[in-house]
Amino acid sequence: LRGRGPIMVNSNYYGMDFLYVTPTPIQAARAGNSIHSFFLYRRKLNKEELKPSRIPGTVIPLCAAQCERIFNTTRIPGEETDTVQHWQDSDYIVVYHKGRYFRLRVYQAGRLLSPREIEFQIQRILDDPSPPSKGEAKLGALTAGDRIPWAKARTKYFSSGVNKRSLDCIEKAAFFVTLDDEEQGMMGDDPAASLDRYAKSLLHGKCYDRWFDKSFTVVYYKNGDWWEEYV
């Protein structure tokens, strides 16, 4: 947390989707199913129903204390050191698409939305033609750079008013979702080169289309591939 260099590339890592199998090429459908599954996993995590991981070949369990901060967690920038902020619960995610930020509630009257219901909401975001507000499109780049400038900007510009409320909305989300308008994966006449492009996109994207302070971001590509990026 005391590192003052960028989180992006230096400390984040990613998990890649299947290379040879895509359950569906429909971006919204893939998002709906997996987002629903993430919240089912969070429910099991909160109820302590997950079996502990063990050191391979032994019966020794690994400490699961960090698991409680997978969701509803954000890294807060500071001038000398960052801090980790965790909230007990969050009933929504934040979705980024073509420069716009959307708040998507996944619970209605205490009920988790079905995969099809989440897919419908994701498709509405994909079909929304509204342009970004002034300064909105590349706001996420603040989380991609050095920590001290971001900490100073956060204090100066995000301490009150609509800016603070908007930042709070992002930071208190269960996790962050990016709907990418590009296709990625092992494809074309040069699979090795396409895989290299895929890996670079997984690691940093366009720099401004991720929120690197969130505990994890899920990116859904236009062709149905997806991945997770963790801090």
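At position 226 of the sequence shown the residue is numbered 226 (full-length UniProt numbering), and the sequence of numbers has no breaks.
All residues carry an ideal CB built from backbone N, CA and C; glycine is no exception.
Environment of GLN88 [buried if 16+ CB atoms lie within 10 Å] = exposed
Would you check if there are 3 or more beta carbon pairs closer than 8 Å linking the stretch 141-150 to the stretch 77-84?
-> The answer is yes - the stretch 77-84 touches the stretch 141-150, with three or more Cβ pairs under 8 Å.
May I have the straight-line CA-CA distance separating SER34 from GLY5, to the nearest angstrom?
-> Roughly 32 Å separates the two Cα atoms.
Please name the residue in ARG42, GLU48, MET186 whose C-alpha comes closest to that of LEU112.
-> ARG42
Which residue from LEU104, VAL95, LYS156 puts its Cα closest to that of TYR220?
-> VAL95
Looking only at DSSP bridge pairs, what is PRO25 linked to?
-> None; PRO25 has no bridge partner.
Beta-carbon proximity list for MET187, same chain, < 7 Å, skipping 5 on both sides = SER194
Look at the Cβ atom of TYR107, then the Cβ atom of ASP91, and state whether they are nearer than 8 Å.
-> yes
Closer than 7 Å by C-beta to LYS44: which residues in its own chain qualify, once you throw out the five before and the five after it? Chain order, please.
-> LEU50
In its own chain, which residues sit with a C-beta less than 7 Å from the C-beta of ASP181, not counting the 5 before and 5 after it?
-> LYS98, LYS222
Residue of TRP211, GLY185, PHE216 minimising C-alpha distance to TYR20 = Answer by Cα proximity: GLY185.
Return the bridge partner residues of GLN108 from the DSSP annotation.
-> ARG111
Where SER160 and ARG154 are concerned, what is the direct C-alpha to C-alpha distance, given to the nearest angstrom?
-> Per the coordinates, the alpha-carbon of SER160 lies some 10 Å from the alpha-carbon of ARG154.
Which residues bound the beta strand (DSSP E) around VAL95?
-> 92-97
Who are the near neighbours of ASP189 in its chain, counting only those whose CB is closer than 7 Å to its CB and skipping five residues on each side?
-> Within the same chain, ASP189 has no close Cβ partners at all.
Tell me PRO61's beta-bridge partners as DSSP assigns them.
-> PRO61 is bridged to ARG54.
ARG30 - DSSP class collapsed to helix/strand/coil = Per DSSP, reduced to three states, the secondary structure at ARG30 is helical.
In the DSSP assignment, find the beta strand (DSSP E) that holds THR178 and state where it starts and stops.
-> In the DSSP annotation of this structure, the continuous segment of the beta strand (DSSP E) that includes THR178 starts and ends at 176-179.
Expressed to the nearest angstrom, what Euclidean distance is found between the alpha-carbon atoms of PRO23 and ALA29?
-> PRO23 and ALA29 have their C-alpha atoms roughly 10 Å apart.
Distance CB(SER215)-CB(ARG69) smaller than 8 Å | yes
Do you know offhand how far LYS47's Cα is from GLU117's?
-> 24 Å
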